[in-house]
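In the numbering used here, the protein residues as written are 377 to 477.
The following block contains the structure:
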């Protein structure tokens with residue numbers, strides 16, 4: 377998945393096309409890899425684009441995966457926040473969220 381790959385197929389009359397490849401992302405934990413995917417689908421004149429970013433990381437004995445998707449392009453800053461919060465929890469830096477009262 378390190379090189380950009382093109383994807384294209386039709387399913388039940390819906391045309392889908394997009395790309396998958398490695399994305400630039402800060403190193404997380406003891407090691408990490410980040411990938412993004414963009415898919416566009418169209419049918420009967422309607423279309424939608426969905427972006428998916430995925431970060432795989434290792435922290436000590438824990439292997440983690442964060443997948444973040446959104447219409448259009450996912451917010452990389454928000455993804456970094458999610459990944460950093462996950463690593464912090466693994467390291468015991470963030471207490472569990474309290475329930476709303």
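Where a beta carbon is used, it is the ideal one built from N, C-alpha and C, also for glycine.
All figures in this text were calculated on a predicted structure; none of them were measured in a lab.
Sort out for me which residues DSSP pairs residue i with in a bridge.
{"i": "residue 382", "result": "395"}
{"i": "residue 414", "result": "395, 427"}
{"i": "residue 457", "result": "Answer is none; residue 457 lacks a bridge partner."}
{"i": "residue 433", "result": "440"}
{"i": "residue 387", "result": "390"}
Go ahead and pull the three-state DSSP assignment for residue i.
{"i": "residue 420", "result": "coil"}
{"i": "residue 462", "result": "helix"}
{"i": "residue 449", "result": "coil"}
{"i": "residue 400", "result": "coil"}
For residue i and residue j, I'd like the C-alpha separation in whole angstroms.
{"i": "residue 405", "j": "residue 460", "result": "9 Å"}
{"i": "residue 383", "j": "residue 431", "result": "20 Å"}
{"i": "residue 392", "j": "residue 398", "result": "20 Å"}
{"i": "residue 426", "j": "residue 419", "result": "15 Å"}
{"i": "residue 348", "j": "residue 429", "result": "Absent from the structure is residue 348, since the part of the chain shown begins at 377 and ends at 477."}
{"i": "residue 440", "j": "residue 401", "result": "15 Å"}
{"i": "residue 390", "j": "residue 467", "result": "44 Å"}
{"i": "residue 394", "j": "residue 445", "result": "14 Å"}
{"i": "residue 396", "j": "residue 469", "result": "33 Å"}
Would you mind giving the Cβ-Cβ distance between residue i and residue j, rounded to the nearest angstrom? I have them listed as a contact below 8 Å.
{"i": "residue 462", "j": "residue 442", "result": "6 Å"}
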